[in-house]
Amino acid sequence: MLDKNSVIYVAGHRGMVGSAIVRKLESLGYSNLVTRTHAELDLCDQHATRAFFSENKIDAVYLAAARVGGIHANNTYPAEFIYQNLVVEVNVIHEAWASGVKQLLFLGSSCIYPKLAEQPMKESVLLTSALEPTNEPYAIAKIAGIKLCESYNRQYGVDYRSVMPTNLYGPNDNFHPENSHVIPAMLRRFHEAKLRGDASVLVWGTGNPKREFLHVDDMAAASIYVMELDKARYEKNTEPMLSHINVGTGLDCTIRELSETIARVVGFQGKLEFDASKPDGSPRKLMDESRLRSLGWEASIALEDGLRDAYQWFLKHQEDFRR
1409 MLDKNSVIYV AGHRGMVGSA IVRKLESLGY SNLVTRTHAE LDLCDQHATR AFFSENKIDA
1469 VYLAAARVGG IHANNTYPAE FIYQNLVVEV NVIHEAWASG VKQLLFLGSS CIYPKLAEQP
1529 MKESVLLTSA LEPTNEPYAI AKIAGIKLCE SYNRQYGVDY RSVMPTNLYG PNDNFHPENS
1589 HVIPAMLRRF HEAKLRGDAS VLVWGTGNPK REFLHVDDMA AASIYVMELD KARYEKNTEP
1649 MLSHINVGTG LDCTIRELSE TIARVVGFQG KLEFDASKPD GSPRKLMDES RLRSLGWEAS
1709 IALEDGLRDA YQWFLKHQED FRR
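Under this note's numbering, the first residue of the sequence shown carries the number 1409, and numbering increases by one thereafter.
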């Protein structure tokens, strides 16, 4: 088991999830955190990744490094999404094992589940039918990460776990106007519309799909909780080839309802219009988080409170997104 002096590598510490995990670990008193920027360590480079693990006596890894984006980015860059995520996972998981790392937590995504999966989505629906086409390459990579962890557990007896978050948002999110996820894209678009005095804001899709959203600070707390679960308890509540755990709130809302909430948070008082010619993606994506709840953890940040936190972070850093 880990203690406060354990050497912990957080891969992807500058990203939204990785930075939240670092903040949470530091608040809990972990003092030996290891991080590397992309310039310092390219995780797509197997030799560099091998050298990093050889030179550092790592006890545990949080694998939060990933190429991520919304519908537009996934549709535009499918090759990068599958290639970069596969290579990072293969390099980190294999080289962690080769250097003797016994504990690792892989962070996946709710997009691993079939497009038309029964709602809410249980862990057991993995690989039961076709994926959503718009993000299939990314989903395939994330499924491969789960199966890598399970395979190394089965063959080598290590303790590599996987958590599957629902849609995340919060500080350090990507607020790019085209390549970001729905919440940061909307926060920025509604904010800029308010500044211009626009009469309306156009939202992609019909507004009818339902989505679940989890604040990244809740995700960080859940990740550490799962990593620190007693091994016997973790294995009792999972299966060797179905070992991943969903992380969500158990609540969802329509994109229209989300838009209305974001307009309220930002202070935009104009009209909302929906462009039905744009893709909606899956009709509904709600995680069944009963497995994690039965293990003693549940989310604590309400959506509107979390959106206000994300908006305040954007306001403090918006100049960074204009460069």
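Even for Gly, the Cβ is constructed at its ideal location relative to N, Cα and C. Everything numeric in this text was worked out from a predicted model, so none of it was measured.
Exposed or buried, what is residue i when buried is set at 16 or more other beta-carbons lying within 10 Å of its beta-carbon?
{"i": "R1604", "result": "exposed"}
{"i": "L1436", "result": "exposed"}
{"i": "K1411", "result": "According to the sequence provided, residue 1411 is Asp. The question's Lys does not apply to it. Result: exposed."}
{"i": "M1409", "result": "exposed"}
{"i": "E1760", "result": "Look at the range of the chain in this structure, 1409 to 1731, and you will see that residue 1760 is not part of it."}
{"i": "P1617", "result": "buried"}
{"i": "L1723", "result": "exposed"}
{"i": "S1517", "result": "buried"}
{"i": "K1432", "result": "buried"}
{"i": "R1562", "result": "exposed"}
{"i": "M1424", "result": "buried"}
{"i": "K1465", "result": "exposed"}
{"i": "A1593", "result": "buried"}
{"i": "L1650", "result": "exposed"}
{"i": "L1558", "result": "Position check: residue 1558 holds Glu in this sequence, whereas Leu was assumed. Result: buried."}
{"i": "H1599", "result": "buried"}
{"i": "L1637", "result": "buried"}
{"i": "A1549", "result": "buried"}
{"i": "Q1720", "result": "exposed"}
{"i": "S1667", "result": "buried"}
{"i": "H1455", "result": "exposed"}
{"i": "N1413", "result": "exposed"}
{"i": "H1446", "result": "exposed"}
{"i": "Q1511", "result": "buried"}
{"i": "L1715", "result": "buried"}
{"i": "P1528", "result": "buried"}
Which residues does DSSP list as the beta-bridge partners of residue i?
{"i": "R1699", "result": "Answer is none; R1699 lacks a bridge partner."}
{"i": "I1554", "result": "Paired residue(s): none; I1554 is not in a bridge."}
{"i": "F1352", "result": "Any property of residue 1352 remains undetermined from this structure, which presents the chain solely from 1409 to 1731."}
{"i": "K1724", "result": "DSSP lists no partner for K1724."}
{"i": "F1598", "result": "None, per the DSSP bridge assignment."}
{"i": "R1692", "result": "K1618"}
Look up residue i in the DSSP assignment and say whether it is helix, strand or coil.
{"i": "Y1642", "result": "helix"}
{"i": "S1570", "result": "strand"}
{"i": "E1681", "result": "strand"}
{"i": "E1647", "result": "strand"}
{"i": "S1608", "result": "strand"}
{"i": "I1653", "result": "strand"}
{"i": "K1530", "result": "coil"}
{"i": "T1662", "result": "strand"}
{"i": "Y1521", "result": "coil"}
{"i": "N1575", "result": "strand"}
{"i": "H1480", "result": "helix"}
{"i": "H1584", "result": "coil"}
{"i": "H1589", "result": "coil"}
{"i": "F1676", "result": "coil"}
{"i": "L1622", "result": "strand"}
{"i": "Y1485", "result": "coil"}
{"i": "I1466", "result": "coil"}
{"i": "E1497", "result": "helix"}
{"i": "M1409", "result": "coil"}
{"i": "G1508", "result": "coil"}
{"i": "I1670", "result": "helix"}
{"i": "P1545", "result": "helix"}
{"i": "A1707", "result": "coil"}
{"i": "L1539", "result": "coil"}
{"i": "L1715", "result": "helix"}
{"i": "L1637", "result": "coil"}
Is residue i close to chain D? Criterion is C-beta to C-beta, closer than 8 Å.
{"i": "S1435", "result": "No chain D appears in this structure, which consists of one protein chain only."}
Meets three-Cβ-pair contact criterion under 8 Å: the region 1541-1554 and the region 1478-1496: yes
Cβ contact check for the region 1638-1650 and the region 1675-1695: 3 or more pairs under 8 Å: no
Those runs of the alpha helix (DSSP H) which lie wholly inside the region 1414-1459 and span at least 4 residues: 1424-1435
Cβ contact (3+ pairs, closer than 8 Å) linking the region 1414-1422 and the region 1468-1475: yes
Contact between the region 1645-1661 and the region 1696-1714 (3+ Cβ pairs under 8 Å): yes
At least three beta-carbon pairs within less than 8 Å, the region 1579-1598 to the region 1497-1510: no
Touch test, the region 1704-1717 against the region 1621-1630, Cβ-Cβ under 8 Å, three pairs minimum: yes
Segment contact flag, the region 1564-1573 with the region 1672-1687, C-beta cutoff 8 Å, min 3 pairs: no
Three CB pairs or more closer than 8 Å across the region 1662-1675 and the region 1607-1617: yes
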